[in-house]
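Going line by line, the protein sequences match chains A and B. Reminder that position 136 of the first sequence reads as 135 in numbering that gives the first Met the number 0, one-by-one numbering, no gaps. Reminder that position 372 of the second sequence reads as 371 in numbering that gives the first Met the number 0, one-by-one numbering, no gaps. Note that beta-carbon positions come from the ideal geometry of N, C-alpha and C, so glycine has one too.
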Amino acid sequence: MNGIAYHAERPFAAPHAHGGGKIGRAMLFVQLALVPATLFGFWLYGWPAFFLWAITLLSVLVFEFLSLRLMGKKQAERTLFDGSALLTGWLLAMTLPPWSPWWIGMLGAFIAIVIGKQVFGGLGQNVFNPAMVARVALLISFPLQLTTWVMPMPLASTLIPGVVDGLHITLGQTPLPDAMTSASLLGYAKTELSRGVDLAQALAAAHAPQISWLGVRAGSLGESSALLLLLGGLFLLATRVIRWQAPVGVLAGVLLPALLAHALAPEKYLGVESHLLSGAVMLGAFFIATDYVTSPTTGMGQLVFGLGVGLMTWVIRTLGGYPEGVAFAILFMNALTPLIDRYIRPRILGRTRSGKPVSPLSGADRAKKGA
Amino acid sequence: MGLMEKFFGLSWGIHPEDHKRPAADAVTRVMPTPERLYISLAQHLGAPALPTVLVGQKVKKGDRLANPQGPVSAALHAPASGLVVAIGEIPAPHPSGLPVLAVTLESDGLDAWADDLEGCDAPFDLEPDEISRRVAAAGVVGMGGATFPSALKLSSSRKAGIRTLIMNGGECEPYLSCDDRLMRDKADVIVDGIRLMLHATGAQAALVGIEDNKPEAIAAMRLAAAPYGEVSVRPLPARYPMGSEKQLILVLTGQETPAGRLPADVGVAVHNVGTAKAVSDAIRLGRPLVSRLLTINGGAVGRPGNLLAPVGALVEDVIAFAGGLKEPPARLIMGGPMMGLSLPHARVPVIKGTSGILAFSAAETNDRAQEACIRCASCVRACPIGLLPLEMARHVEAGDLKGAVRIGLKDCIACGCCAYVCPAHIPLVQYFSHAKGALAAEDRAKLRAEAVKKLAQARSTRLAQEAREKAELAARRKAERAAAAKAARETAGTVEQSGTEPAAGSAST
Chain A
0 MNGIAYHAER PFAAPHAHGG GKIGRAMLFV QLALVPATLF GFWLYGWPAF
50 FLWAITLLSV LVFEFLSLRL MGKKQAERTL FDGSALLTGW LLAMTLPPWS
100 PWWIGMLGAF IAIVIGKQVF GGLGQNVFNP AMVARVALLI SFPLQLTTWV
150 MPMPLASTLI PGVVDGLHIT LGQTPLPDAM TSASLLGYAK TELSRGVDLA
200 QALAAAHAPQ ISWLGVRAGS LGESSALLLL LGGLFLLATR VIRWQAPVGV
250 LAGVLLPALL AHALAPEKYL GVESHLLSGA VMLGAFFIAT DYVTSPTTGM
300 GQLVFGLGVG LMTWVIRTLG GYPEGVAFAI LFMNALTPLI DRYIRPRILG
350 RTRSGKPVSP LSGADRAKKG A
Chain B
0 MGLMEKFFGL SWGIHPEDHK RPAADAVTRV MPTPERLYIS LAQHLGAPAL
50 PTVLVGQKVK KGDRLANPQG PVSAALHAPA SGLVVAIGEI PAPHPSGLPV
100 LAVTLESDGL DAWADDLEGC DAPFDLEPDE ISRRVAAAGV VGMGGATFPS
150 ALKLSSSRKA GIRTLIMNGG ECEPYLSCDD RLMRDKADVI VDGIRLMLHA
200 TGAQAALVGI EDNKPEAIAA MRLAAAPYGE VSVRPLPARY PMGSEKQLIL
250 VLTGQETPAG RLPADVGVAV HNVGTAKAVS DAIRLGRPLV SRLLTINGGA
300 VGRPGNLLAP VGALVEDVIA FAGGLKEPPA RLIMGGPMMG LSLPHARVPV
350 IKGTSGILAF SAAETNDRAQ EACIRCASCV RACPIGLLPL EMARHVEAGD
400 LKGAVRIGLK DCIACGCCAY VCPAHIPLVQ YFSHAKGALA AEDRAKLRAE
450 AVKKLAQARS TRLAQEAREK AELAARRKAE RAAAAKAARE TAGTVEQSGT
500 EPAAGSAST
C-alpha cells in the first residue's frame, strides 16, 4: 500500500476554488481608463499639469504609507500598492485646475487620504469618496486657486512653458498672467446671469467660453475632454469593472431637468450639451459615482444613487451659489448610500419583498400548469 | 421568472471553469476491492446505523452490516465478502478528522455476493410501498452528496401527492464528472430507475435536467428515454449552482420553492441520476448500495478519471489505484471544489455520498491572504438566492447573529458563489457556516435551558406537593391525637366518675 504523505495543517473552508479576481485588477483598469484623458490634458495644459499630477500622486502614496504605519498595520507595503490610494490621488489630480501650485496637490492628498479615508478605518470603510472630500475642502478653503483656469495651449503654441518654466509655475514662483486664464462655461454663465444678462446674449458674446467634445477649452484634466473620459468609461463597462446603472443614472439625472428647463426658459437655463460636457459630469458619472466603497451595492440602488447625483448636480449648478456641483452632489449621495442600501434590496428567492415565504402556487403558476 | 431575466438571461450564480475534461472522457475503471474496508456507520443524513454483525463474523458481499436507527437513517451492507475484524472508531471523512464509528471489514478477495439477494423481474407489478421498502432495505441514499435516505423521500413524496419527479443530472460542480459518466455508460439503467421511482411516488412525469456542457450524456439519456413518454430530458444552461434544488426546480418548472418549505410543497421531488441507478439495481437485482462511481481529479492527480469504488475504501487506496499523485497536493477534497469538504489526510474512507476525490495543486486553490472588503458587490450579483453576502458577513463579524438572520442567513445554501468571486478573498461561506453553527448551538442551549427549567419546576411542584401532603398528614395526625386525647379524657372522666384508673395512662394508647 503506498500511502500518501499528506496532512492538512488546518481544516479548509469551501469553496476550494477561486475565480481569481483581485482588488488590484479593478484599480488598475480604472487607472488605465484614465490614461487617455490624462495624456490629452498634459498636451493641452503643458508641463505644470504634469507636475501637479505627479506631486499629487506621490503625496498620496506618502500619506497612505505614513497612515498605515501609524496605525501599526503590518504589510503596509502590500496595501500601499493595491492601487486604491494611487487611484484616489489620480482622480483628485484630475479635478484640480492644472496650473495649481504644488501645495494644493499635496494638501489635497493629505485631506483625501488621511481625513477622507484612513480616519474612517482605511480601505472600504470610508463613507465619502476621498477625492471628492479633498476637492470640496480645497474649493471651500482656497476658492481663488481652485477657480483659476488656464487657457488651453496645445504644445504647438508658442505660449506653452518649457520644463523649467512649468516647474516654476507649479512651485508658485510665477504668477499667472491674466491673459492666460479663463472662466469655465458654467462660471461664466453664472456670473452673467447674476449680472442680469440673459444667456442668449451672454453666450453669443465673442469672449464666451465654448464647449467642445474634444475638450480644447479651459478646465481641469478631468473635465476638458468629455470624449476621452467617455471612452475610458466605456472601456470600464466593457471589462465589467463598473456597471451601467450609476453612469446612466448620473447622465439621465442631469439630462432630464436640463432638457426640461432649457425648453421652458432658454434664456435662464443652460442647454443639455453645455451641462453634459461641462464640469466633471463625465468623470463623475463613470469614475466617481461608480466608486465601490461609497455607492450602493445593488443595481437598482446604484441607479437611484446615480439619478440623485445627476439631479443634485443640476440643482446646485442652476440654483446654488457655486457654478459646479458634481463634487457636492456626490458627497450628498454618499451620505444617503447606507439609506439606499437599507431600503433597496434584492428579493430573496422563495420570499416576497416583505420577507414572507412565497405562497406555494401563485395564480400565474397555476395557470401555467394548466396550459 | 421575472421580466429582467427573460431579457438578460439568468443573472444568478457564476460560471467557473469546469475542468471536467479530460477526466469525463476517460473510460470508467473498476477499482478492485482493497484488503480492508472501513464502513462508517454515519454516512447518511440522520441517525447513525446500528451494527448487526459481531467482530469475527464472516459476511458475503451485500450482507446487512447495520440497521437503520430511527425514522431518518439507512441500512449498511458489506461492500465485499470477508471477515468483520473490528467495530470501532476511525477518522471521519470530514475536515475535523474526528472519530466516527465504523465496521472494519477484511476482504477475502473473492467478492462473492450473498445468495439471498431478492431481485425482481416484474417490478412494475410490485406495490409502490413495496418499492420503497426494498429501496430502504438496500440502504439507498441520495447520491448527489446530501445522502438523504431515498426510501423516505419516495414514500413521503407519495403521501404528498407530487406530480413531477425532477432528476438532477446537472452536475454543476466543477471537476466532477461521475454523473456525466454514469449517464453516458448506464443511461438505460438510470431511465429504468426513474420509471421505478415514478411508480413508487405516483408522479406522472420525470424531467431530467442536464447541463448543456454534457452533450454526450444528453444524447445517451435521450436515446434511453425515447420509448417512455413520461421521461423527458431537458438540457440546462451550464451555470453554478444549477444543481441546487431551488434553482433546478425554478428553471425546470418555473416554480419558486417557498422559503423554509420542501420541494413537495410545489408538487415535485428532486433526486440525483445516480440515485435512480441505485434504485434500479436494488429492485431488479436486489443489490444493495455498496459501491459508487466517483471522479478522481485535480492538478496533483496522475490519471484523472472516473472509477467504480467500493464504499469504505480508503482515499489513499483509491488514489493509488487511480495512478497516484504527480506532486504533493496542496489540498485534498471529498466532493466538488465549491461545496466539498477538505480532508485531514488520505486515511479516511469513501462513503455513499462521495462524488469525487480531488487533489489540488497550490495554483488551483489560489490561496491568498484576506483583504478588506471594498463593497464591490460581486458577491451580491453572484448570490443565486438574492442575499447580500457582504452585509451578512459584517453582521456576523460584529457578533450580530440576529441581524444576519434578519437579512437572510437562514436562506443561504452555502453554495460558495460569493467567496468564489470575492476579489478580497474573504471566506464568506466560513462566516456563514460559523454563524449557523453558533445559532444551532444557541438553539440547543435554549432547549436544554428550557428542559432544565421544566425539570426544576416539576421538582418544586413535587416538593411543594410533598410538603403539603406532609402538612396535611401531620394535621390529620394531630387531629386524630386530639380526638383520641379527648376521647381518653372523656373516658377518664367516666372512670373518675366511676372511680377507677387515672387518665394519664390513656395517653400512651
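Which residues in chain B sit within 7 Å of L122(A), going by Cβ to Cβ distance?
A371 and I373
- Item | Pairwise C-alpha distance: T490(B) and E500(B) | For E500(B), the predicted structure reports a pLDDT of 48, less than 50, and the residue's modelled location is therefore unreliable. The matter cannot be settled from this model.
Helix, strand or coil: how does DSSP classify S181(A) here?
In this structure, S181(A) counts as strand in the three-state DSSP scheme.
Discussion item. 7 Å is my cut-off, CB to CB: does F11(A) come that close to chain B?
Written reply: yes
Proximal residues of chain A, C-beta to C-beta of R291(B) below 8 Å:
Chain A residues near R291(B): none, gap ~21 Å exceeds 8 Å.
Exercise for review: Measuring only between beta-carbons, confirm whether K469(B) sits less than 7 Å from chain A.
Suggested key: no
query = Just how far apart, CA to CA, sit Y342(A) and T297(A)?
reply = 11 Å
Check your understanding: Helix, strand or coil for A376(B) per DSSP?
Key -> coil
Grouping DSSP H, G and I as helix and E and B as strand, with all else coil, what is E191(A)? helix
Practice prompt. Determine, using beta carbons only, whether A201(A) and E191(A) come nearer to each other than 7 Å.
Written response: It is a contact, given that the beta carbons lie within the stated cut-off.
| Any beta-carbon of chain B closer than 7 Å to the one on K357(A)? | First, the residue type needs correcting, since residue 357(A) is Val and not Lys in the sequence shown. Answer yes: the Cβ-Cβ gap between V357(A) and chain B drops below 7 Å somewhere.
Requested in this report: Measure from the alpha carbon of E370(B) to the alpha carbon of each residue in A299(B), L222(B), A470(B) and H424(B), then state which is nearest.
Outcome: Across the set A299(B), L222(B), A470(B) and H424(B), the C-alpha of H424(B) shows the shortest separation from the C-alpha of E370(B).
So, L259(A) versus V271(A), is the Cβ gap smaller than 7 Å? no
Residues that DSSP places opposite T103(B) in a beta bridge | DSSP output for T103(B) lists Y37(B) and A85(B) as bridge partner(s).
**Asked** Closest Cβ-Cβ distance between Y5(A) and chain B: below 7 Å?
**Response** yes
Candidates V420(B), S290(B), D211(B) and D442(B), of which the one nearest P15(B) by Cα: V420(B)
Just to confirm before moving on: does the CB-CB distance between S83(A) and V113(A) stay below 7 Å? no
Legend entry - Nearest-angstrom Cα separation, counted from A434(B) out to G398(B): 9 Å
query: Leaving out the 5 sequence neighbours to the left and right, which residues in its chain are closer than 7 Å to L324(B) when beta-carbon positions are compared?
result: A299, V300, G301, I318 and A358
Check: Leaving out five residues before and five after T293(A) in sequence, what residues of the same chain have Cβ atoms less than 7 Å from its Cβ?
Finding: N125, V126, F127, N128, N333 and T336
message: Against chain A, does T294(B) count as a neighbour if the rule is that its beta carbon must be under 7 Å from one of theirs?
response: no
| E516(B) lies in the alpha helix (DSSP H); which residues open and close that run? | Residue numbering for chain B in the displayed model covers 0 to 508; residue 516(B) lies beyond these limits and cannot be assessed.
Review point. With distances taken between CB atoms, is the gap from E390(B) to I412(B) smaller than 7 Å?
Key: no
How would you label P96(A), buried or exposed, when you count the other beta carbons within 10 angstroms and need 16 or more for buried? buried
>> The alpha helix (DSSP H) that contains P47(A), what's its start and end?
In response: Looking at the DSSP string, the run of the alpha helix (DSSP H) that includes P47(A) is W46 to L69.
By alpha-carbon positions, which one of L340(B), R233(B), G228(B) and D178(B) ends up nearest to A7(A)? L340(B)
**Asked** In the DSSP assignment, what are the bridge partners of H15(A)?
**Response** Its beta-bridge partners do not exist; DSSP assigns none.
- Hey, does G71(A) have any beta-carbon neighbour from chain B nearer than 7 Å? no
Would F147(B) and L235(B) qualify as a contact pair, given that the criterion is a beta-carbon distance under 7 Å?
no
Taking only beta carbons into account, state which residues of the segment 419 to 438 of chain B come closer than 8 Å to chain A, listed in chain order.
-> Y419, V420, C421, P422, A423, H424, P426, V428, Q429 and S432
E323(A) (DSSP reduced to helix, strand or coil):
coil
| When you compare only the Cα positions, how much space is there between A199(A) and G283(A)? | 28 Å
What residue ranges within the segment 156 to 221 of chain B form continuous alpha helix (DSSP H) runs of no fewer than 4 residues, ordered along the chain? 177 to 184 and 186 to 200
CA-CA distance, D364(A) and R162(B)?
At D364(A), the pLDDT of 48 sits below 50, so the modelled position is not reliable and the matter cannot be decided from this model.
Original post:
CB M281(A) to CB A217(A), shorter than 7 Å?
Top reply: In terms of Cβ geometry, M281(A) and A217(A) do not form a close pair [threshold 7 Å].
Could you list the residues in the segment 269 to 291 of chain B with a C-beta less than 7 Å from some C-beta on chain A, going in chain order?
Residues: none.
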